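Have a look at the structure below before the remarks.
Protein chains in written order, with this note's numbering: chain S, 4 to 588; chain Z, 4 to 588.
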């Protein structure tokens, strides 16, 4: 079996069906082997950064790694920002790079895509060191299969990107075909004793607590623990919060769900409920980055009030249990509770405030406002739908939406790279289609929709991936372009009227057509009012989606979600305080 | 004077008038100071990779560095592939990155755009190490002005990218305003004695040679030696060749100019004239990369037949003269020859073959062929025009074109990153406009045009920069889209009918309009025949250009320039030979 065939077989075994990337002369022969693997196909993105973002979106929906193929140097570097995003947001990615052959590498030949005179062909592999958890060079037929298996395992253990470098002259080298018969061991080696101790300690703490709370955060999703987390929550019935990055992991229709905790940038009562009124806070799969903690405005809890469930350890008070991993821990905790249920736990001590109703002025306004649209898109989403929110106002706004169970929400909050959402939407929509074809999509027979919400500024960075959606004939995508005439989030932060926050004025109604959609003009609409918005989203084209739809939503340049303003105010206040101490953030 | 003002003043002093980049919350306050510098303005690109390519194109036309501003991490990494291209092609670039403030850096705070837990905010500065020649952190008001000056000097000395990292909280710190009064010393320190020795040795060798030849290559342009090189060639009257990367440096209407030398991938007679018939070959500003040497098919010359004039040394036979720099050396050589002219030198020994005329079948064909179009675009270009050729068939084809003196040709052959050409065209067009406004554009009063030739595949990678052209109201750009239904160059290399060499089918006639051009549809045309092509390029809209024009040129999927086919054949033969020896390229 040729080495390339082995590689693609292994990747298919993980559940991957679509391979992202851009062809180049150093990877063409590698791509030849994709079609030979049943159920695996090549996508072909518009550029490499988009391919990386698409692989990221694909992974978030399917749970398996997203895979992208690039060419040494030019392609590899173009993709690196997307890989870095996957790294910091714990998304599984396998980045396969086709490189020069070994003879050219050893001769340090000045082949195109190299750097300067006497070039080190492996210099790019050093460049990506900080954005991956493992890599291998398939430059030895004897070790190559083992190396592929090793880096794939690392990809799962850390839920982060890995790189596989394939010199052109090793694509066809033979490896034993029988090796693919044994699946790769993807599970971490749990310290069973530590796990048991951790479970006992956690149960003991919960049992003795009078007001416990749980915060469910992003890593629960990334490490594939969404289902077991919800099972466990049903068992525990403890008041549950999520975070901006964790949103949509917890079924939001459950009585134990109380909304988004984001430090001081939360709805009234939320921070108090956790920081003041709870005597035990279990923080599961946490990512304590700035915009996931209200600009680091969470109040620190004393050790004895907190339990941390991280990707690879559990900490109960001062005791840290190493070798205890997220899914395994939650699974075994759930099993323990099934055999020995807890005594009935206290419900939340007080009824929390709900999201404040739209202010009267807003309720009366006919035009579309920030305080209205995110909640409306939230109620628009049906089980099986995926919502992608771009960095910017959408990201801050969607914390106010309530999603039906079975709605997935994707956004990139910690890395926060604008332009992420369009290719991620493409990858998510491809994944959604695959899940649907396997009979697992949607609920009640409704086909899931992938709904992208992107600002007019962010759209411009990666717009060409809409062409790939058209090329693939995707029929499950709604693209909402928030047209607020430039980078509104930046206007809110600094320079509201500065020229640098302006952008080129595009004609969004022609975009689909220009990018190849024969029905593009018919399927592109523009709305200025809530009424117009309602009309469009309730039309059969949207409710019974079978072609790409683009909706341009006109909004005020300076209208921002209250959460964004609250976080900016908080940081400005802190900076003013620090400045008076001679030290600015 | 605030540090940021100092930085922008210094940059303006280099001749820079336009700053590329994308705004982000960590660079907004830095951007505030641009408008305060007379003659400097912010552009605002559609994304960061495009900004880097645009800065590259701008630098190639203006001679000063291209400048781009990004935000830490997300922007910085998105741009890195464009910076790497500038590095390997010796283009001056100043990449300014707005970063987190020092307090957040020292606390290793999890601020958006960072990597993981306990993040090192300076990790990205390590990532770009291999693609720059110097960098500095402006985190100390006392040293910052000196650091700015130092890295700018390094940018010029190596003609390669440098990075300047600006923590948010150092934007406004005061520095002495008087520092800008002394210009930065940008010239290398020449070893005068070595230079004199080198000049004597070179003159001695030329005088004793019976059949000398000169090859003028890319670094002559990159180190700003184009004018002095042409002066020197007029003095020397030695048969002169150029390379694919050096094309358009030498005035092609001169009797001493004999065309493009590209190893075995040259017109008949060229390789022989240099490799067999010359007894002295002076290789000036060379870049010996694969596609600049016919796939490394140049015949190696014995030491005693060759003189190398590199960026920072001159080698005559076995003697290497260090501390001798390109411009200084050529200038002093020219001065020496002015005071002591050489005896009349022999002209080339034989009349070289000229490019073969189009084959009869091609001459009779009405549709547009590869063997026809490149020469035709060559004759179409007027003094002051800039031609940008994308990696792919254009790059191989343009070696057959003959350019009028004063036509500049830009392409990225060594790095060869597809997608380069669209933003580079934007940057070049901005630079051309600035030169025109200074009264130096075009010749005979004709305003120069920037003519982009890009394939339908490459166009998709970076298409959004056309929107920036529209936003800026550029009226000097002609975009020719070669529509040959996918990646033709890759079809020629491998997998002619493979799906991965296909692309999304766009409606190019709607592109300009979608990207905001109100006259977009009128200014977008499609041609299938030579006659149609002739008609369009001779129309007043093209000869008297004052708005962006887009021309879709339909060509055969499998038609390729003869040079591309010749290089592929050559490499395939070599690989077959190596394979029989058990080692493939």
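Just so it is clear, CB atoms sit at the ideal spot from N, CA and C, and this is done for glycine as well.
Computed from a predicted structure; not experimentally measured.
Residue environment for residue 211 (chain Z): exposed (fewer than 16 other C-beta atoms within 10 angstroms of its C-beta).
Going by DSSP, residue 314 (chain S) is part of no alpha helix (DSSP H) at all; its letter is neither H nor E. DSSP, read as helix, strand or coil, puts residue 122 (chain S) in coil.
Ranked by Cα distance from residue 385 (chain S), the options S:375, S:271, S:452 and S:413 are led by S:452.
Neighbours of residue 293 (chain Z) in chain S, taken as residues whose beta carbon is under 8 Å from its own, are 112, 113, 114 and 115 in chain order. Nearest to residue 44 (chain S) by alpha-carbon distance, out of S:28, S:29, S:65 and S:15, is S:15.
At a cut-off of 9 Å between beta-carbon atoms, residue 490 (chain Z) makes contact with chain S.
Secondary structure note for residue 139 (chain S): its beta strand (DSSP E) is the uninterrupted segment 137–140. Taking a beta-carbon distance threshold of 9 Å, residue 271 (chain S) does not count as an interface residue toward chain Z. Contacts with chain Z at 9 Å (Cβ-Cβ) do not include residue 301 (chain S).
Here residue 463 (chain S) is buried: its Cβ has 16 or more other Cβ atoms, across all protein chains shown, within 10 Å.
Minimum Cα-Cα distance from residue 489 (chain S) among the listed residues S:501, S:435, S:478 and S:377 corresponds to S:501.
Secondary structure at residue 112 (chain Z): coil, using DSSP grouped into helix, strand and coil. Within the same chain, 17, 18 and 19 come within 6 Å of residue 67 (chain S) by CB-CB distance, once the 5 residues on both sides are set aside. DSSP places residue 552 (chain Z) in the uninterrupted beta strand (DSSP E) bounded by 552–557. What residue 90 (chain S) touches in chain Z, judged by beta-carbon distance under 9 Å, is 118 and 119, going in chain order. DSSP places residue 324 (chain Z) inside the beta strand (DSSP E), whose first and last residues are 322–325. The segment 21–29 of chain Z and the segment 57–75 of chain Z touch, with no fewer than 3 CB-CB distances between them shorter than 8 Å. The C-alpha of residue 540 (chain Z) lies about 59 Å from the C-alpha of residue 573 (chain S). Closest in alpha carbon position to residue 5 (chain S), among S:498, S:265 and S:177, is S:177. By the Cβ neighbour-count rule, residue 161 (chain S) is buried, with 16 or more other Cβ atoms within 10 Å of its own.
Counting only Cβ-Cβ distances below 9 Å, residue 35 (chain Z) has contacts in chain S at 497, 498, 501 and 503, in chain order. Contact between the segment 165–185 of chain S and the segment 213–226 of chain S is not established, with fewer than three Cβ pairs separated by less than 8 Å.
In the structure shown, the three-state DSSP call for residue 205 (chain Z) is helix. Counted as a single uninterrupted DSSP element, the stretch harbouring residue 411 (chain S) is not any alpha helix (DSSP H) but the beta strand (DSSP E) occupying residues 411–414.
Cα atoms of residue 60 (chain S) and residue 431 (chain S): separation of roughly 5 Å, rounded to the nearest angstrom.
Proximity of residue 401 (chain S) to chain Z, defined by a Cβ-Cβ separation below 9 Å, is not satisfied. Taking the beta carbon of residue 485 (chain S) as reference, no residue of chain Z falls within 8 Å; the closest one sits roughly 17 Å away. A residue is called buried when at least 16 other Cβ atoms come within 10 angstroms of its Cβ; residue 525 (chain S) does not meet this threshold and is exposed. The secondary-structure analysis by DSSP pairs residue 528 (chain S) across a beta bridge with S:554. Scanning its chain for C-beta atoms nearer than 8 Å, with the 5 sequence neighbours on each side dropped, one finds around residue 282 (chain S) the residues 212, 213, 214, 215 and 308, in chain order. Chain Z places no beta carbon closer than 9 Å to that of residue 375 (chain S), leaving this residue out of the contacts. When CB distances to chain Z are screened at a threshold of 7 Å, the residues of the segment 507–529 of chain S falling below it are 507, 508, 509, 510, 513, 514, 516, 517, 518 and 519, in chain order.
For residue 47 (chain Z), the chain S residues whose Cβ falls inside 8 Å of its Cβ are 502, 503, 505 and 506, in order along the chain. A Cβ-Cβ distance of about 6 Å is found for the pair residue 396 (chain S) and residue 567 (chain S), placing them in contact under the 8 Å criterion. Residues of chain S with a Cβ closer than 7 Å to the Cβ of residue 419 (chain Z) are, in chain order, 77, 115 and 116.
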